[in-house]
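As structure tokens, the structure follows; a few thoughts come after it.
Numbering (my numbering), first residue to last: 5 to 191.
Okay, structure coming up:
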């Protein structure tokens, strides 16, 4: 895409071969569902070849790439987002659809950047909560396994008298000891 941008800066905007390359790039990016790269290429049609959104849609349809007019408008809008927002999308911290949703709420770039960063923090916190919950579920399963083993070895009558919290603490301690032994083995 950078090569295409550079070549369009040195050649006249009417160069149909370069436009074909841009259209092929749009088709490729659209097939990969990469909205940000697609938006950059669609913006080239607007900026370098002075095509309107409707003309871009027509050219793309002629090349067997059917992108709706509202989607082209959204791609152009996404391309016009601040570079900091593009960076967050490229890093996978937030996706293009979420950014477009936020863009419909904000007109000022600073507000958009702030809202995107707040949303990224919320997404990261949600991911951390999921990790903690999964770890807790794994610990609970391990405790259940220890209880089953104790039931077989000691007998269910005795294990019923031991509070579950004791089993949980006992299991956590066993897991810590195993981890310490593993790290000691590698040292």
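Heads up, the beta-carbon is just placed ideally off N, CA and C, and yes, glycines get one too.
Note that the structure is predicted; figures quoted are calculated from it, not measured.
Is the beta carbon of residue i sitting closer than 9 Å to the one on residue j?
i, j, result
"residue 76", "residue 57", "yes"
"residue 83", "residue 44", "yes"
"residue 124", "residue 88", "no"
"residue 39", "residue 100", "yes"
"residue 103", "residue 120", "yes"
Please classify residue i as buried or exposed, where buried requires at least 16 other C-beta atoms within 10 Å of its C-beta.
i, result
"residue 78", "buried"
"residue 61", "buried"
"residue 138", "exposed"
"residue 64", "buried"
If we ignore side chains and look at the alpha-carbon of each, how far apart do residue i and residue j end up?
i, j, result
"residue 145", "residue 153", "12 Å"
"residue 108", "residue 66", "30 Å"
"residue 49", "residue 142", "52 Å"
"residue 110", "residue 127", "20 Å"
"residue 95", "residue 86", "15 Å"
"residue 149", "residue 131", "27 Å"
"residue 47", "residue 122", "27 Å"
"residue 22", "residue 114", "35 Å"
"residue 140", "residue 129", "16 Å"
Any C-beta of chain B sitting closer than 9 Å to the C-beta of residue i?
i, result
"residue 25", "Looking for chain B here will not work: only one protein chain is present."
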